[in-house]
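Note sheet for the following structure.
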Amino acid sequence: MDFMSDTTTVDVDAVWDTVVGQSEAVSALRSWSRDPLHAYLFVGPSGTGKRQAARAFAAAVQALHFGGDDVGRDRQMRLALQDKHPDVEIYEPEGAQLLVGPVKDSIIPSVFRKPSDGARRIIVIDRFHDANAAAATALLKTVEEPPENAIIILLAESVPVEHVAIASRCSRIEFPPLSRADLANWIAEQGIHSDQVDVMIEASAGDLRRLELLTNDPGFSQRSVLWQQLPTTIDGTGATAGRLVRELIGLISAASEPLVARQARELEELDAREEMLGTRGSGRSGVDARHKRELRLLRVGEFQFGLRVLARRYSRELADGGGREIIDAIARLRHANEALVRNPNETLLLHNLFWNLPPLRG
4 MDFMSDTTTV DVDAVWDTVV GQSEAVSALR SWSRDPLHAY LFVGPSGTGK RQAARAFAAA
64 VQALHFGGDD VGRDRQMRLA LQDKHPDVEI YEPEGAQLLV GPVKDSIIPS VFRKPSDGAR
124 RIIVIDRFHD ANAAAATALL KTVEEPPENA IIILLAESVP VEHVAIASRC SRIEFPPLSR
184 ADLANWIAEQ GIHSDQVDVM IEASAGDLRR LELLTNDPGF SQRSVLWQQL PTTIDGTGAT
244 AGRLVRELIG LISAASEPLV ARQARELEEL DAREEMLGTR GSGRSGVDAR HKRELRLLRV
304 GEFQFGLRVL ARRYSRELAD GGGREIIDAI ARLRHANEAL VRNPNETLLL HNLFWNLPPL
364 RG
């Protein structure tokens, strides 16, 4: 993106074009970037733009408060947007939780470090909803009384009860799921043409990262049709249920290929950057852990999409006069969806579900 206008002045507002939708959040952050507060909490589901908004905010702050010329301001923005700014650091838990050790050993010292290149130290902590109580408590005083030149941004999908105290010290900004219009506009801007656009938007459930993967997924149409036809394909036998489960799981496993390719490129870039800086291997474990989570979320998203398709089909059957077995089917689908978050055996979960769903007529 080119931030220099024809008059060689820097267009700082252009950084907000990198955020899809979220007009209310962008409006608030654009205003705050001119006179930033010390701590922010971005709250919303995965894929709603929290991390990109944090990048854009960091870029705007560093540019607006930079003491040099326009060339320097342009450089500040580019570095921040590319995650290469030495005074903008993004942390995320390496495992299932953010623990107190990394908070005390890495995050807090980073907050108190003096800026080396920019006007502010900006520390972004992703997945803060996964911070355990000890980690949140350890960070509380720093959020309450950070250095004058530091800004802390917490990114969270929700605010657990043990995080209420630290949340109250932050300015909270909501990031709801992206609207159908926002996602459709993004697809149009990418120049993507497909008769599956509406179905892909539905399958994304407002998650831009998932939509991006679906637009590069040649097998999506086949999976979508399989889910839609499943109620009329099942016949109450274990053999048919097993065949459908194997077919679906095989297709969903193949759907991970675009993500795996993107992750491989990210690792190559990380290795090259660390080799250049002489820090080879220092960030690999965190990236590997994130990649595993991304793959898991992709699979869960696929199953949730399919269960929504089935739930709508059985709900229509109920509206058309379906009886007790249809009500039970909808309940089974709801329970299966709830079970997905507990990392179940996918084959057993789906086989039991498909075997017990009542067949419908086409």
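First residue of the sequence shown: 4, per the working numbering; consecutive thereafter.
Note that the Cβ used here is the ideal one computed from N, Cα and C, for glycine as well.
From a predicted model like this one, the values you see are computed outputs, not experimental measurements.
Within 7 Å, strictly: CB atoms of residue i and residue j
i	j	result
residue 70	residue 23	no
residue 57	residue 83	no
residue 230	residue 309	yes
residue 354	residue 257	no
residue 333	residue 320	no
residue 111	residue 94	no
residue 27	residue 292	no
Reduced DSSP category for residue i - H, G, I as helix; E, B as strand; rest coil
i	result
residue 157	strand
residue 208	coil
residue 276	helix
residue 151	coil
residue 69	coil
residue 134	strand
residue 305	helix
residue 40	coil
residue 92	strand
residue 116	coil
residue 106	helix
residue 177	strand
residue 101	strand
residue 162	coil
residue 237	coil
residue 195	coil
residue 8	Any reading at residue 8 is ruled out, since the residue's pLDDT is 47, under 50, leaving its predicted position unreliable.
residue 124	strand
Anticipated Cβ contact below 8 Å, residue i with residue j, distance rounded
i	j	result
residue 155	residue 149	6 Å
residue 13	residue 73	5 Å
residue 254	residue 212	In fact, because the Cβ distance is near 20 Å, the residues do not count as touching under 8 Å.
residue 101	residue 134	4 Å
Length of the line joining the Cα atoms of residue i and residue j
i	j	result
residue 10	residue 265	For residue 10, the predicted model reports a pLDDT of 42, less than 50, meaning its position is unreliable; a value from the coordinates is still stated below. When rounded, the distance between both Cα atoms is 37 Å.
residue 242	residue 202	29 Å
residue 40	residue 174	8 Å
residue 75	residue 65	10 Å
residue 132	residue 179	16 Å
residue 183	residue 190	11 Å
residue 164	residue 89	33 Å
residue 342	residue 314	15 Å
residue 15	residue 38	14 Å
residue 339	residue 34	44 Å
residue 210	residue 50	4 Å
residue 59	residue 324	52 Å
residue 217	residue 151	43 Å
residue 200	residue 187	8 Å
residue 352	residue 130	28 Å
residue 214	residue 297	13 Å
residue 79	residue 270	24 Å
residue 259	residue 300	10 Å
residue 8	residue 86	Model confidence at residue 8 stands at a pLDDT of 47, short of 50, so the residue's coordinates are unreliable and nothing is read from them.
Neighbourhood of residue i by C-beta distance below 7 Å, restricted to the same chain and skipping five residues each side
i	result
residue 170	44, 162
residue 239	362
residue 248	350, 353, 354, 357
residue 302	255
Other residues of its chain near residue i: CB distance less than 6 Å, five sequence neighbours each side excluded
i	result
residue 219	261
residue 146	42, 155, 169, 172
residue 91	61, 83, 125
residue 141	103, 106, 107
residue 166	139
Cβ shell of residue i (< 8 Å), same chain only, five flanking positions each side left out
i	result
residue 335	356, 359, 360
residue 119	89, 90
residue 47	53, 160, 177, 178, 179, 180
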